[in-house]
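Visitor: Numbering (the numbering used here), first residue to last: 749 to 867.
In this text, a Cβ means the ideal position worked out from N, Cα and C, and glycines have one as well.
Computed from a predicted model, the values in this text were never measured in an experiment.
1. Assuming residue 806 and residue 791 make a contact with CB atoms under 8 angstroms, what is their CB distance in whole Å?
2. I think residue 770 touches residue 754, with their Cβ atoms under 8 angstroms apart; what is that distance to the nearest whole Å?
3. Taking C-beta to C-beta, are residue 816 and residue 787 nearer than 8 angstroms?
4. Please report the Cβ distance between residue 852 and residue 763, rounded to the nearest whole angstrom; I am assuming they are in contact, meaning their Cβ atoms lie under 8 angstroms.
5. Taking the runs of the alpha helix (DSSP H) that are 4 residues or longer, which of them lie wholly in the region 800 to 860?
Shown next as structure tokens:
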């Protein structure tokens, strides 16, 4: 899958299987780790049925890049912002597609200090 339409201005999201899958999630995790070089990040996900698989792929990519991952479990985006800041870690990723239909999923990425990453 070489479709890059899942990369939006303020997040990454798309229809599962068409625009986003576990391989892309692994690549995003690996790139986040290699480019930003965080020591530790928090990772969470919403209630969508596909969130756990995407979280696992992200975590593997991050760990392959040498990043320690603190999985905070089921969470909302605001909890990722809070945990990133409160725990003083180097970043965070929330797996969510927010208000989009259930066949979508995505990610919101933040840096240290809970600063959003946008394109």
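Guide: By the coordinates alone:
1. 6 angstroms
2. Wrong, their Cβ atoms sit about 13 angstroms apart, outside the cutoff.
3. yes
4. 6 angstroms
5. 825 to 835
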